[in-house]
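Residue numbers (the working numbering): 140 to 663. For glycine and all other residues, C-beta sits at the position ideal for the given N, C-alpha and C. Presented below is the structure to which this report refers.
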Ligand SMILES: NC(=O)c1ccc[n+]([C@@H]2O[C@H](COP(=O)([O-])OP(=O)(O)OC[C@H]3O[C@@H](n4cnc5c(N)ncnc54)[C@H](O)[C@@H]3O)[C@@H](O)[C@H]2O)c1
Ligand SMILES: Nc1ncnc2c1ncn2[C@@H]1O[C@H](COP(=O)(O)OP(=O)(O)OP(=O)(O)O)[C@@H](O)[C@H]1O
């Protein structure tokens, strides 16, 4: 009996025709439902209660299946309709875009002298674009320009209809202050008043060697046996297989020579003055350690920084995407290029002492890759830091202190203090308070071009302490100030995949960001 029922069940399901996508046809389900009823009707006649119950259950299942199939069919019809709508909308947008981009289409039936005028203006426009590109080339700064100087374009309909034209305007911007012409660019001038950006300013950057790298600086985390072992092995491989010149820190050279006189070819430097010239000799920097070693490496370069390849020892860091175990494959690919890089912006920090505020000759700035922190040190008083952004008063920080962070540093101390995580390729200055006394004090992000000034009021009850990437603490006496702005020398770090993929991997693997634990239940 039960064998029969099972078989009929199988037959019923086998007879449900399925679409390519695996969905069951609701009409066939309806007929199957009837078939089940017809088949069972005589069989159950006069049988016991169990069979009646079972046939009821079977009917309910078939009905449920039919309803589900109807639902799916309905959803599919809906989806097809939306897809059609989407395609129409897309085609319309593409048409509009095309219209906006092609200059010829803008010249509808205007009087001929008017069109001539426009053509001349366009010539001038293209000349202007040419000039801008030339100027970009010279300055090493690229601004993508859309210029459409002067009078109407897509407003021609309104002109024909005798309607008023929209006011024309011109946008300009400058970096590095009003006074510097060098970085000034006229950008957009649209008679229509529509502002668009031609290109995204910050894209995935690719580095292609024009001549092969010759010299590599290898930096290692101190007091680490694994770093020492991999360092010696890597240097031997770079010399024997890649014929490269190697630089290491004075400490590392002594360590290598203690191991073997083979490492006699390794170069180093004598003093800080010589270290300052490293960027003129080194094509590539390799770090073996954690994020701290990358910070250390960056701090050796007070100006331009060669590309940095950061190998992690053990766990992956936020700025160390390469595994040291695979150094040969990674370095092979990097030395050959092209490689994706992240340009990690740095902040330059000046401490201005009250006693020396009228002196023109201030100390060299300190460059940070993560952040500069101003805190209360051992004092038990709240900090009282008066902050300005350019010439605008921002706020007074009363709390444990303030972090001015780069976007690379956004996953470090700033994050612990409640700041947001920001993709490292975004240029900006994060303004994150540390344990602020006021509950409404939320973190801010300033644009890249501003200068932030943190002033210790002359009447402050206590000094404050400033530290750079967690190091080099300095005392800020009442009346002293810290000036912080974006440095012109970023740190180019090689990516394992690309900027975004590496960033996301670091926050997923390093922080377990938004990871929810799911309970594995045994299915009954
Ligand atoms: N409460 C905190 O979270 C806190 C406190 C002090 C310093 N720090 C951070 O430590 C940094 C100095 O690092 P260190 O290695 O010289 O000191 P460290 O040896 O004390 O290490 C600090 C930790 O911060 C991590 N770290 C460093 N840079 C990071 C980054 N950009 N993103 C995510 N994590 C990062 C390191 O991997 C390490 O685990 C400082 O720049 C500061 O950002 C954090
Ligand atoms: N070559 C170096 N010379 C001097 N100090 C260094 C050097 N490399 C790293 N440091 C310092 O040693 C400390 C530890 O460096 P490490 O690279 O292990 O950083 P970490 O980020 O703490 O490591 P992890 O990511 O494994 O937690 C840091 O404070 C760093 O500034």
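On the CB-based measure, 16 or more other CB atoms within 10 Å of its CB, does residue 204 come out buried or exposed? Taking the first residue of the chain shown as 1, we reach residue 204 at position 65. The residue in question, residue 204, is buried, as its Cβ has 16 or more Cβ neighbours within 10 Å.
Just grab the DSSP bridge partners of residue 391 for me. Taking the chain shown and counting its residues from 1, one reaches residue 391 at position 252. Answer is none; residue 391 lacks a bridge partner.
If contacts are defined as beta-carbon pairs under 8 Å, then residue 569 and residue 547 qualify, I think. What distance do you get, rounded to the angstrom? Numbered from 1 along the chain shown, position 430 holds the residue referred to as residue 569. Numbered from 1 along the chain shown, position 408 holds the residue referred to as residue 547. Incorrect: roughly 10 Å between the Cβ atoms, too far for contact.
Simplified DSSP state of residue 457, which is helix, strand or coil: On the chain shown, position 318 is the one that residue 457 refers to. Here residue 457 sits in coil by DSSP.
Please classify residue 279 as buried or exposed, where buried requires at least 16 neighbouring CB atoms within 10 angstroms. Taking the chain shown and counting its residues from 1, the one referred to as residue 279 is at position 140. A caution first: residue 279 carries a pLDDT of 35, below 50, which makes its placement in the model too unreliable to give a value.
From 563, 613, 555, 617, residue whose alpha carbon lies closest to that of residue 650: Reading the chain shown from its first residue, position 511 is the one you call residue 650. When only C-alpha atoms are compared, the closest one is 555.
May I ask you to check if the CB of residue 429 is nearer than 6 Å to at least one heavy atom of ligand 1? The sequence position of residue 429 within the chain shown is 290, counting from 1. Yes, ligand 1 has a heavy atom inside 6 Å of this Cβ.
Option nearest residue 600 by Cα separation, candidates 530, 622, 418, 519: If you number the chain shown from 1, residue 600 lands on position 461. With distances taken between Cα atoms, residue 600 lies closest to 519.
Quick one, which of 604, 434, 212 has its alpha-carbon nearest residue 522's? Position 383 of the chain shown, counted from the first residue, corresponds to residue 522. Selected option, being the one with the closest Cα: 604.
With distances taken between CB atoms, is the gap from residue 623 to residue 486 smaller than 7 Å? Translated into positions along the chain shown, residue 623 becomes position 484. Translated into positions along the chain shown, residue 486 becomes position 347. Yes, these two residues count as a Cβ contact at 7 Å.
Residue 373 and residue 462 - do their beta-carbons sit closer together than 7 Å? Position 323 of the chain shown, counted from the start, is the residue given in the question as residue 462. Position 234 of the chain shown, counted from the start, is the residue given in the question as residue 373. Not in contact: residue 462 and residue 373 (Cβ atoms no closer than 7 Å).
Residue 360 beta carbon near ligand 2 (any heavy atom closer than 6 Å): In the chain shown, the residue the question calls residue 360 occupies position 221. Answer for residue 360: yes, Cβ within range of ligand 2.
Distance between residue 594 and residue 579 (C-alpha atoms, nearest Å): Locating residue 579 in the chain shown gives position 440, counting from the first residue. Locating residue 594 in the chain shown gives position 455, counting from the first residue. Going by the C-alpha atoms only, they are around 21 Å apart.
What is the residue span of the beta strand (DSSP E) that residue 603 lies within? For the purposes of this step, residue 603 is taken as the residue at position 464 of the chain shown. Note, residue 603: beta strand (DSSP E), 603-607.
Burial state of residue 419, where buried means 16 or more other Cβ atoms lie within 10 Å: Locating residue 419 in the chain shown gives position 280, counting from the first residue. Per the 10 Å Cβ criterion, exposed.
So the beta strand (DSSP E) residue 510 belongs to, where does it begin and stop? Stepping through the chain shown from its first residue, residue 510 is reached at position 371. From DSSP, the beta strand (DSSP E) with residue 510 extends over 510-514.
Measuring from the CB of residue 516, is there a heavy atom of ligand 1 at a distance below 6 Å? The residue given as residue 516 occupies position 377 in the chain shown. For ligand 1, not one heavy atom lies less than 6 Å from the Cβ of residue 516.
Residues in the same chain with beta-carbon distance under 6 Å from residue 505, minus the five sequence neighbours each way, listed in chain order, please. Residue numbering aside, residue 505 sits at position 366 when the chain shown is read from its first letter. For residue 505, where only same-chain residues beyond five positions count, the Cβ hits under 6 Å are 488, 607.
Count the other C-beta atoms from every protein chain shown that fall within 10 angstroms of the C-beta of residue 542, then say buried if there are 16 or more, exposed otherwise. Taking the chain shown and counting its residues from 1, one reaches residue 542 at position 403. Counting Cβ neighbours within 10 Å, residue 542 comes out buried, since at least 16 surround it.
Grouping DSSP H, G and I as helix and E and B as strand, with all else coil, what is residue 293? The residue labelled residue 293 in the question sits at position 154 within the chain shown. Low confidence applies here, because residue 293 scores a pLDDT of 45, under 50, leaving its location unreliable; read the following figure in that light. Coil.
What whole-angstrom Cβ distance do residue 390 and residue 361 have, given they're in contact under 8 Å? One-based indexing of the chain shown puts residue 390 at position 251. One-based indexing of the chain shown puts residue 361 at position 222. Confirmed, Cβ separation roughly 7 Å.
Assuming contact is defined by CB atoms lying nearer than 7 Å, are residue 459 and residue 529 in contact in what I supplied? Your numbering for residue 459 matches position 320 in the chain shown. Your numbering for residue 529 matches position 390 in the chain shown. No, the pair does not count as a contact, with Cβ atoms beyond the cut-off.
Cross-strand partners of residue 428 (DSSP beta bridge): Numbered from its first residue, the chain shown carries residue 428 at position 289. Answer by DSSP bridge pairing, in chain order: 451.
Check whether the Cβ of residue 426 lies closer than 6 Å to any heavy atom of ligand 1, and answer yes or no. For the purposes of this step, residue 426 is identified with residue 287 of the chain shown, where counting begins at 1. No - ligand 1 has no heavy atom lying nearer than 6 Å to the Cβ of residue 426.
Put residue 611 into one of helix, strand or coil per three-state DSSP. For the purposes of this step, residue 611 is taken as residue 472 along the chain shown, with counting starting at 1. It is a strand residue.
Alpha carbon of residue 654 to alpha carbon of residue 426, nearest angstrom: For this step, residue 654 is matched to residue 515 along the chain shown. For this step, residue 426 is matched to residue 287 along the chain shown. The alpha-carbon atoms of residue 654 and residue 426 are separated by roughly 30 Å.
Integer Cβ distance of residue 446 from residue 212, believed to fall under 8 Å: Here the question's residue 446 lines up with position 307 in the chain shown. Here the question's residue 212 lines up with position 73 in the chain shown. Not quite, the Cβ-Cβ distance comes to about 57 Å (not below 8 Å), so this is no contact.
Test item: CB-CB of residue 614 and residue 602 under 7 Å: For the purposes of this step, residue 614 is identified with residue 475 of the chain shown, where counting begins at 1. For the purposes of this step, residue 602 is identified with residue 463 of the chain shown, where counting begins at 1. Cβ atoms of residue 614 and residue 602: closer than 7 Å.
Can you pull the DSSP bridge partners for residue 421? Along the chain shown, one-based indexing puts residue 421 at 282. DSSP output for residue 421 lists no bridge partner at all.
Quick check: does the Cβ of residue 432 come within less than 6 Å of any heavy atom belonging to ligand 3? What this structure holds is ligand 1 and ligand 2, not ligand 3.
Taking 6 Å as the cut-off, is the C-beta of residue 552 nearer than that to any heavy atom in ligand 1? Position 413 of the chain shown, counted from the start, is the residue given in the question as residue 552. Within the cutoff, so yes.
To which residues of the same chain is residue 415 closer than 7 Å at the C-beta, ignoring the five residues directly before and after it? Counted from its first residue, the chain shown places residue 415 at position 276. Excluding sequence neighbours, residue 415 sits near 441.
Under the three-state reduction of DSSP, which class applies to residue 625: helix, strand or coil? In the chain shown, the residue the question calls residue 625 occupies position 486. Strand.
With a threshold of 16 other CB atoms inside 10 Å of the CB of residue 511, please say whether the residue is buried or exposed. In the chain shown, counting from the first residue as 1, residue 511 sits at position 372. Residue 511 should be labelled buried.
List the endpoints of the continuous beta strand (DSSP E) containing residue 570. To locate residue 570, count along the chain shown from 1; it is residue 431. 568-573 is the span of the beta strand (DSSP E), which, as asked, contains residue 570.
Inter-residue spacing [alpha-carbon to alpha-carbon] between residue 560 and residue 581: Taking the first residue of the chain shown as 1, we reach residue 560 at position 421. Taking the first residue of the chain shown as 1, we reach residue 581 at position 442. Looking at the two C-alpha atoms, the distance is approximately 14 Å.
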